[in-house]
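Under the numbering used here, the first residue of the sequence shown carries the number 1324, and numbering increases by one thereafter. The beta-carbon is built from N, C-alpha and C at its ideal position, and this holds for glycine as well. First up is the structure itself, then whatever we jot down about it.
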Amino acid sequence: VLIESGDHKEKWGTVGVSENIMEASWQALADSIEYKMVKDRRSAKDTSA
């Protein structure tokens, strides 16, 4: 499963792999959310330094 996500600045894609489509979708969605959270955290650190 490939999920394309985005915010008001950019887009990104994440992939989930499993024989179960729900599991694969969940993996891709969770990875997308984690990517956005890590990216925002890094951006906040860069602006506060």
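(request) Look at V1338 and L1325 and say whether their C-beta atoms are less than 8 Å apart. (result) Taking the first residue of the sequence shown as 1, we reach residue 1338 at position 15. Taking the first residue of the sequence shown as 1, we reach residue 1325 at position 2. It is a contact, given that the beta carbons lie within the stated cut-off.
(message) Residues in the same chain with beta-carbon distance under 8 Å from W1349, minus the five sequence neighbours each way, listed in chain order, please.
(response) To locate residue 1349, count along the sequence shown from 1; it is residue 26. A distance below 8 Å between beta-carbons, with the five flanking residues on each side excluded, links W1349 to the following residues of its chain, in chain order: G1339.
(request) Under 8 Å Cβ to Cβ from L1352, same chain only, skipping five residues before and after it: list those, please. (result) As a working mapping, residue 1352 is identified with position 29 in the sequence shown. So the qualifying residues of the chain are I1326, T1337 and G1339.
(message) Measuring only the C-alpha atoms, how far is D1363 from A1347?
(response) Locating residue 1363 in the sequence shown gives position 40, where the first residue counts as 1. Locating residue 1347 in the sequence shown gives position 24, where the first residue counts as 1. Cα to Cα, D1363 sits roughly 25 Å from A1347.
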